[in-house]
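Each protein sequence line maps, in turn, to chains A and B. Mapping the first sequence onto this note's numbering, position 79 (from 1) lands on 79, and the numbers just tick up by one. Mapping the second sequence onto this note's numbering, position 45 (from 1) lands on 45, and the numbers just tick up by one.
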Amino acid sequence: MARLAARDMIATAALGPRSRPSRSVLSMLGIALGIATLVAVMGITAANETRLRLDLEALGSNVLQVRAGSGPDQQIVPLPETAPEMIRRIGPVEGAARVSVLDEVGVFRTDLVPDSMGGGLSAALTQVELAAAMDLQVAEGRWFRDADLDLPVTLLGARAAEQLGIVETGQRVWIGDDWYAVIGVLEPSTLLPTLDRTALIGDRWPVVEPHPEGTTIYVRTRTGSVDAVREVLGATANPAMPRAVSVSQPSALAGAQDAVDSTFRSLALGLAAVALFVGAIGIVNTMVIAVLERRDEIALRRAVGARAAQIRTQFVLEAGLLGLGGGLAGGLLGLLVSVGYSLVVRVPPTVDLTALGVGIGLSVLVGVAAGIYPAARAARQSPMAGLRAG
Amino acid sequence: MTGVPAVELVGVGRTYDASGGPLTVLDDVDLRIDPGEQVAIVGPSGSGKSTLLGIMGTLDTPTRGEVRIAGRSTAAMDDAERSDVRARSLGFVFQQFHLLTHVDAVANVELGMLYHGYPRSERRRRATDALERVGLGHRTDHRPSQLSGGEQQRVAIARAIAHGPALVLADEPTGALDQATGESVIELLLGLDDAAVAVITHDAAIAAHLGRQVRIQDGRIRSDSRTAGVGA
Ligand SMILES: Nc1ncnc2c1ncn2[C@@H]1O[C@H](COP(=O)(O)OP(=O)(O)OP(=O)(O)O)[C@@H](O)[C@H]1O
Ligand SMILES: [Mg+2]
């Protein structure tokens, strides 16, 4: 009977913030900042991912990779030595080159480092054609020439060079059991991020026999001919066993999430949590003051029949509304930042409704939680206050 | 003297746990107010008048004795039930009006019925009606700051009577008004309804307007014009 309709409850709870708008806006600030950060971080990382995917597609939508597959007996069937050459003869193929990763071979600055300290760098054999096929850029020095392939020389990925402390070409590094002269350092490659931590060696220099599983042939086709080339790659690479050849498209595996991005993300989310917490304290403060200031109003409501529980609900809801207001404002701000960022990195702006919904829901929860203590104080106030104040 | 009393107090006492030991501010109060009766409660400052009014209005609970409102004992009631009794059967008028400053007159009167359970349209209808009855039908959309003290107290009276309570409790309703305005407000309060009315006042002239005077001193009833003739 004396229960309030939802509409009356909300109208009642909105009365406080409406009669003190500037204070209410200030008390929403913390929550708004927290939610804005949350939504913006989600938007920015999503835009970064989209950008990366678009980059990969732009670079590599006409790149295929060929690996050794398994034969009828489930054994890996190595690709024939001549496979790259054969593939290069397919009409629409613009370039093809083999890379064989040598996983037991370590790469070091000197020969004094024990073998067990791998350092996370690897060595790989490759062919002259790789740079053209995969559009690799050399930052320092030069790419392989045919004559280099049977010499102990190497090109290093950017991170590998940094880690080995290589500052100029001509310095030597220790790969496997030999010294190699560094002839160049590569720019990072979006399509082949693993090259960053790799030392490349010409594939005619006798180091060790590579495992067939470590070998990949990268193939660049003319634009629009990817599917046609894909059709014939198996039979071309291994005419004897076309089905034992695995062909894939690296741009389809756009998983290379940058570590920097995830650090940025957790840092920003931490900040968002701090802002939300500060926002909650702000709301607690505002509400405690409101309860003190509105003793007369509380007393009046009690006199006209408000139950203690209804007073409590009123103030909890009021705090929830402050949270909601902060959440809406913050969500909007976060969206604006996301859209702005999307435009800057040139990806189509998208609205992440889940992040927005979670953010706004969270802000209401924070507001409600912040309202519990002040509301309990309001509900505890003696109903006699109205007669005493007079 | 017939039928169920609007409110009945039997042996009511109120003792506070004050810092200097227990403080008894009401002691052994028997008081019965019948439907439609109009009672002035007078007495010196600090004698316990407001305490008594609060107990009659279920805002406070006595430490001894019993309170019955329309025949129902309030002793076993919890906060929700006592609040519902206030919402339905009682109306309060305070010295300081206690109007919400940010909403207009009709909204202030409606607030008096918010916890009653009326639908919105019924609250609006009754509020408008009550403002008519206190002579403020043309000021419904005015805020308290746009009304004089007497007008504000009339809004508060409209709020106290809009739901048709059985008992209206007023604590020094003229205390913040000048003599003439106070008199007219009291006239209004007494002429309005068939509800029983209890009014605390320091003003002898105002007390004389009411049919019955109850004098309190040191927490006890010293005289009651209704029982005086019987010699109680
Ligand atoms: N919460 C409390 N704790 C202790 N003593 C209280 C409390 N509330 C009221 N009193 C005391 O009870 C006594 C009666 O107070 P009450 O307000 O009922 O007086 P009153 O007759 O209404 O006075 P006035 O005419 O000044 O309004 C006073 O002495 C007051 O100090
Ligand atoms: Mg008093």
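Every residue gets a Cβ at the ideal spot worked out from N, C-alpha and C, and that includes glycine.
| Is it right to say residue 73 of chain A is buried, meaning 16 or more other beta carbons lie within 10 angstroms of its own, or is it exposed? | Here residue 73 of chain A corresponds to residue number 73 of the first sequence, with the count starting at 1. Residue 73 of chain A should be labelled exposed.
| task | Have a look at residue 80 of chain A and residue 346 of chain A and give me their C-alpha separation to the nearest angstrom. | result | In the first sequence, counting from the first residue as 1, residue 80 of chain A sits at position 80. In the first sequence, counting from the first residue as 1, residue 346 of chain A sits at position 346. Whole-angstrom Cα-Cα distance: 43 Å.
| message | For the region 138–152 of chain A against the region 209–221 of chain A, do three or more pairs of beta-carbon atoms, one drawn from each stretch, fall closer than 8 Å, so that the two count as touching? | response | no
| Is there at least one Cβ from chain B nearer than 8 Å to residue 14 of chain A's Cβ? | For the purposes of this step, residue 14 of chain A is taken as residue 14 along the first sequence, with counting starting at 1. So, not an interface residue.
| Just to confirm, does residue 368 of chain A get its C-beta within under 7 Å of one of the non-hydrogen atoms of ligand 1? | Position 368 of the first sequence, counted from the start, is the residue given in the question as residue 368 of chain A. No.
| query | Which whole-angstrom value describes the C-beta separation of residue 160 of chain A and residue 107 of chain A, a residue pair presumed to lie in contact below a C-beta threshold of 8 Å? | reply | Position 160 of the first sequence holds residue 160 of chain A. Position 107 of the first sequence holds residue 107 of chain A. Rounded, the Cβ-Cβ distance is 7 Å, consistent with contact.
| From the beta carbon of residue 6 of chain A, is the nearest beta carbon of chain B less than 8 Å away? | As a first step, residue 6 of chain A must be located in the first sequence, where it is residue number 6. Chain B, which has no Cβ nearer than 8 Å to the Cβ of residue 6 of chain A, makes this no.
| Whole runs of the alpha helix (DSSP H) within the region 190–226 of chain B, excluding any shorter than 4 residues | 204–209
| Taking 7 Å as the cut-off, is the CB of residue 55 of chain B close to at least one heavy atom of ligand 2? | Here residue 55 of chain B refers to the residue found at position 55 of the second sequence. It does not: the Cβ of residue 55 of chain B is nowhere closer than 7 Å to a heavy atom of ligand 2.
| chain A contacts from the region 91–109 of chain B (Cβ-Cβ distance under 7 Å) | 92, 94, 95, 96, 98, 100 and 102
| task | Determine whether the Cβ of residue 305 of chain A lies closer than 8 Å to any Cβ atom of chain B. | result | Position 305 of the first sequence, counted from the start, is the residue given in the question as residue 305 of chain A. Yes, because at least one Cβ of chain B sits closer than 8 Å to the Cβ of residue 305 of chain A.
| task | Counting only the same chain and skipping the five closest in sequence on each side, list residues whose C-beta sits under 6 Å from that of residue 223 of chain A. | result | If you number the first sequence from 1, residue 223 of chain A lands on position 223. If we look at residue 223 of chain A and ignore the five residues flanking it on each side, its Cβ neighbours are 62.
| Same chain, Cβ closer than 7 Å to residue 308 of chain A, neighbours up to 5 away in sequence not counted | For this step, residue 308 of chain A is matched to residue 308 along the first sequence. Contacts found: 379.
| query | Taking the alpha-carbon positions, what's the residue 73 of chain B to residue 42 of chain B distance? | reply | Locating residue 73 of chain B in the second sequence gives position 73, counting from the first residue. Locating residue 42 of chain B in the second sequence gives position 42, counting from the first residue. When rounded, the distance between both Cα atoms is 26 Å.
| message | Considering Cα atoms alone, identify which of B:50, B:79, B:44 and B:68 is closest to residue 310 of chain A. | response | For this step, residue 310 of chain A is matched to residue 310 along the first sequence. Checking every option, the nearest Cα to that of residue 310 of chain A belongs to B:79.
| Boundaries (first-last residue) of the beta strand (DSSP E) holding residue 30 of chain A | The count along the first sequence starts at 1 and reaches residue 30 of chain A at position 30. Taken as a continuous stretch (DSSP letters only), residue 30 of chain A belongs to no beta strand (DSSP E), being part of the alpha helix (DSSP H) at 21–60.
| query | According to DSSP, which residues form a beta bridge with residue 178 of chain B? | reply | Translated into the one-based positions of the second sequence, residue 178 of chain B becomes position 178. Note: residue 178 of chain B sits in no beta bridge, so no partner.
| query | What residues in the region 307–322 of chain A have a beta carbon less than 8 Å from any beta carbon of chain C? | reply | In summary, chain C is missing from the structure at hand, where the protein chains are A and B.
| message | Does the CB of residue 16 of chain B have a neighbour CB from chain A at under 8 Å? | response | One-based indexing of the second sequence puts residue 16 of chain B at position 16. Judged by the 8 Å Cβ criterion, residue 16 of chain B is not in contact with chain A.
| request: Using 10 angstroms around the beta-carbon of residue 17 of chain B, count the other beta-carbons present and answer buried if the total reaches 16, otherwise exposed. | output: Taking the first residue of the second sequence as 1, we reach residue 17 of chain B at position 17. Residue 17 of chain B comes out exposed.
| query | Unbroken beta strand (DSSP E) runs of length 3 or more, entirely within the region 56–140 of chain A: which are they? | reply | 63–68, 93–102 and 122–126
| query | Are three or more beta carbon pairs between the region 17–32 of chain B and the region 46–66 of chain B nearer than 8 Å? | reply | yes
| said: Rounded to whole angstroms, what is the Cα-Cα separation between residue 178 of chain B and residue 205 of chain B? | reply: For the purposes of this step, residue 178 of chain B is taken as the residue at position 178 of the second sequence. For the purposes of this step, residue 205 of chain B is taken as the residue at position 205 of the second sequence. Each residue's Cα considered, the two are about 13 Å apart.
| query | What's the C-alpha gap between residue 60 of chain A and residue 47 of chain A? | reply | The count along the first sequence starts at 1 and reaches residue 60 of chain A at position 60. The count along the first sequence starts at 1 and reaches residue 47 of chain A at position 47. So the alpha carbons of these two residues sit roughly 19 Å apart.
| message | Any contact between the region 122–142 of chain B and the region 85–99 of chain B? By contact I mean 3 or more CB pairs, one from each, below 8 Å. | response | no
| query | Any C-beta of chain B sitting closer than 8 Å to the C-beta of residue 21 of chain A? | reply | Indexing the first sequence from 1 puts residue 21 of chain A at position 21. For residue 21 of chain A, the answer is no, since every Cβ of chain B falls outside 8 Å of its Cβ.
| request: Using a Cβ cut-off of 9 Å, pull out every chain B residue sitting near residue 388 of chain A, in sequence order please. | output: What you label residue 388 of chain A is simply residue 388 of the first sequence in a count that begins at 1. 50 and 54, listed in chain order.
| Regarding residue 60 of chain B and ligand 2, is the C-beta to nearest heavy atom distance less than 7 Å? | By 1-based counting over the second sequence, the position of residue 60 of chain B is 60. No - ligand 2 has no heavy atom lying nearer than 7 Å to the Cβ of residue 60 of chain B.
| query | With which residues is residue 38 of chain B paired in a DSSP beta bridge? | reply | Taking the first residue of the second sequence as 1, we reach residue 38 of chain B at position 38. For residue 38 of chain B, which the question treats as bridged, DSSP gives the partners B:197.
| Alpha carbon to alpha carbon, what distance is there between residue 185 of chain B and residue 175 of chain B? | What you label residue 175 of chain B is simply residue 175 of the second sequence in a count that begins at 1. What you label residue 185 of chain B is simply residue 185 of the second sequence in a count that begins at 1. About 11 Å.
| query | Any heavy atom of ligand 2 closer than 7 Å to the Cβ of residue 221 of chain B? | reply | The sequence position of residue 221 of chain B within the second sequence is 221, counting from 1. No, the Cβ of residue 221 of chain B stays beyond 7 Å of every heavy atom of ligand 2.
| field | Sequence-ordered residues whose beta carbon comes within less than 5 Å of a heavy atom of ligand 1 | value | B:16, B:18, B:25, B:45, B:46, B:47, B:48, B:49, B:50 and B:51
| Beta-carbon separation of residue 210 of chain B and residue 190 of chain B under 8 Å? | Your numbering for residue 210 of chain B matches position 210 in the second sequence. Your numbering for residue 190 of chain B matches position 190 in the second sequence. Taking 8 Å as the Cβ cut-off, residue 210 of chain B and residue 190 of chain B qualify as a contacting pair.
| said: Counting only Cβ pairs nearer than 8 Å, list the residues of chain A close to residue 118 of chain B. | reply: On the second sequence, position 118 is the one that residue 118 of chain B refers to. Near residue 118 of chain B there are no residues of chain A at all, since even the closest Cβ is about 10 Å away, more than 8 Å.
| field | Touch test, the region 148–158 of chain B against the region 99–112 of chain B, Cβ-Cβ under 8 Å, three pairs minimum | value | yes
| task | Let me know the alpha helix (DSSP H) ranges lying completely inside the region 2–68 of chain B, each 4 residues or longer, listed in chain order. | result | 49–56
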